[in-house]
Amino acid sequence: MAKKTLYSFLILIGIFYTSCSKNEELVVPDNGTSGTGSSNNTLEEYLKANADYVHNINGFYIVGSAAAPGSPETTPGTTAKEIFDHSVRLFSSFLDQDNDGVVDEDRKQLNTYLANTVLFISGPLSFVDKISMSSQLTSKNLYGMSMQTDNWPYVKNYDGKGWTVSTLNSSTWRPNNFNALWEEVFHTITEAYSRSDNTLAFTPGAKFRQLMDADIAAGTYDISEQNAAENGNYDRVTAVNEYIHQIWAINFAGQDAALNSYQKEALQFMKDNKIPMTVNATYNQTIGTQIK
Ligand SMILES: [Ca+2]
């Protein structure tokens, strides 16, 4: 997957983000009740006016464009609405690990982190950029995470399993017949953690970063190939998010024996910090409220 554009953008917004006071204007999640948080109501009005689909999970917004998915690797016949609906189900499943249709008690904090720091956008890059760069998001320090439907593959019926891997030694590795939506939803969750909890940050000194740096220093993991492919723009903060997604995906597929000692430690750290380790590929409930 060509991630250059998104991650160049990530760096740009990252600079903006760190230059603002973090506590200046955070969105207060309204937990599904009405009449609270005028800034959230303004955001919702903006999203309703500018996106084709809008969903709200206790103050965390998921939006989509109706433009037909343009990636040549996407399963033919896939509609934008299918991708949007699937994004809502994936987030719902991550927040409802016990499948009872309600956000799990120990995922409520994750829901709040998502509401306070990020917004998920599916659609062509032009749509993603328009929403991400709007003052409605930037003034609230909300970072737009995305599924770029014109650039990345949406593979129907991908269930995260049924493949093998012998070793994880490169940031370029992905499972076969991979559905990028799974990865981007997971990245959104870990991005929200990294922006909310310093122990789960991707910056130097934080645990995930220490482990990836040590893995690279030991010569057992490589990001230089991807960095060269992206003209030196593949930074280590982004790399950590991809590293832990790869480890998560390998564990989810029952292939964790392929992980080395650094990667196994990162896996355990995810578990210890309540990062949701499973997703239900056939989850059929919806958490939150469909707005549009
Ligand atoms: Ca639940």
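Number 999 in our numbering belongs to position 281 of the sequence shown; there are no gaps in the numbering.
Ideal placement from N, C-alpha and C gives every residue a C-beta, glycine not left out.
Predicted, not measured: the structure shown is a model, and the values here were computed from it.
Set against 8 Å, the gap from the CB of Gly819 to the closest heavy atom of ligand 1 is smaller. Residue pairing by DSSP places Tyr861 opposite Val836 in a beta bridge.
Assignment of Gln1003 by DSSP, reduced to helix, strand and coil, places it in the coil class. From the listed residues Asp814, Pro922, Tyr861, Asp877, the smallest Cα separation to Ala971 is found for Asp877.
Collapsing the DSSP output to three states places Ser889 in coil. At least one heavy atom of ligand 1 lies less than 8 Å from the C-beta of Gln815. Here Gln1008 is bridged, per DSSP, to His773. Per DSSP, the continuous beta strand (DSSP E) segment holding Val781 begins and ends at 778–782.
Take the alpha-carbon of Tyr939 and the one of Ser864: they are about 26 Å apart.
Taking C-alpha positions only, Gly777 is separated from Ala936 by approximately 42 Å.
Under the Cβ criterion (8 Å, minimum of three pairs), the stretch 802–814 does not count as touching the stretch 757–768. A direct Cα-to-Cα measurement between Asp931 and Ala957 gives close to 10 Å. For the pair Phe809 and Ala967, the Cα-to-Cα distance works out to about 16 Å. Listed in chain order, the non-local C-beta contacts of Ala784 below 6 Å within the same chain comprise Asp770, Ala798, local neighbours out to five positions each way being set aside. Setting aside the 5 residues that flank it on each side, Thr1007 is surrounded in the same chain by Asn774, each with a C-beta closer than 6 Å to its C-beta; the list follows chain order. In the structure shown, Asp933 adopts helical secondary structure according to DSSP, grouped into three states. Following the DSSP letters along the chain, one finds Phe812 inside the alpha helix (DSSP H) bounded by residues 798–813. When DSSP states are grouped into helix, strand and coil, Asp824 belongs to the helix group. Contact between Leu813 and Ile993 fails: their C-beta atoms lie close to 12 Å from each other, not under 8 Å.
By the neighbour-count criterion, in which a residue is buried when 16 or more other Cβ atoms sit within 10 angstroms of its Cβ, Asn834 is buried. In this structure, Leu929 lies near Gln981, with their beta-carbon atoms less than 9 Å apart. Assignment of beta-bridge partners to Gln866 by DSSP yields Gly841. In terms of side-chain proximity, the C-beta atom of Asp822 is found nearer than 8 Å to a non-hydrogen atom of ligand 1. For Trp900, the uninterrupted alpha helix (DSSP H) segment begins and ends at 898–914. For Asp940, the secondary structure class from DSSP, reduced to helix, strand or coil, is strand.
Around the beta-carbon of Gly819, fewer than 16 other beta-carbon atoms lie within 10 Å, marking it exposed. Distance check between Ala924 and each of Ser979, Asn959, Thr906 places Asn959 closest, using alpha-carbon atoms only. Exposure of Met995 is indicated by the presence of fewer than 16 other C-beta atoms within 10 angstroms of its C-beta.
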